[in-house]
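Undergrad:
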Amino acid sequence: MADPGMTPEEMKRFVRNHFEQFVNRKNIAIGDINFAREFVDHGADVPPGLPPGPEGAKQYVGGALKR
7 MADPGMTPEE MKRFVRNHFE QFVNRKNIAI GDINFAREFV DHGADVPPGL PPGPEGAKQY
67 VGGALKR
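Each residue of the sequence shown is one higher than the one before, counting from 7 in my numbering.
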């Protein structure tokens, strides 16, 4: 998970790496590192009933990547 004490440049690197790993390389395991246990995705396209935290994010993105 991103450190709240990160500089703006460190935050940019974190976000770029997250999307590179999680989306582009389909490495959904990175979600265990990058998402807080209490993370909740409030996106309009997120189906109801996903568990909170990394598991819900991994289920959602994992399902989308299979399409």
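In this text, a Cβ means the ideal position worked out from N, Cα and C, and glycines have one as well.
Taking only beta-carbon atoms, is I36 less than 9 Å away from chain B?
TA: In the displayed structure, chain B is absent; only one protein chain is listed.
Undergrad: Please list the terminal residues of the continuous alpha helix (DSSP H) segment that includes E16.
TA: Counting along the chain, the alpha helix (DSSP H) containing E16 begins and ends at P14 to F25.
Undergrad: Any heavy atom of the ligand ATP closer than 8 Å to the CB of L56?
TA: This structure simply doesn't include the ligand ATP, nor any ligand for that matter.
Undergrad: Give the secondary structure of K72 by DSSP, where H, G and I count as helix, E and B as strand, and everything else as coil.
TA: Of the three classes helix, strand and coil, the one that applies to K72 here is coil, per DSSP.
Undergrad: Express the C-alpha separation of H24 and K32 in angstroms, rounding to a whole number.
TA: Rounded to whole angstroms, K32 to H24 spans 11 Å at the Cα level.
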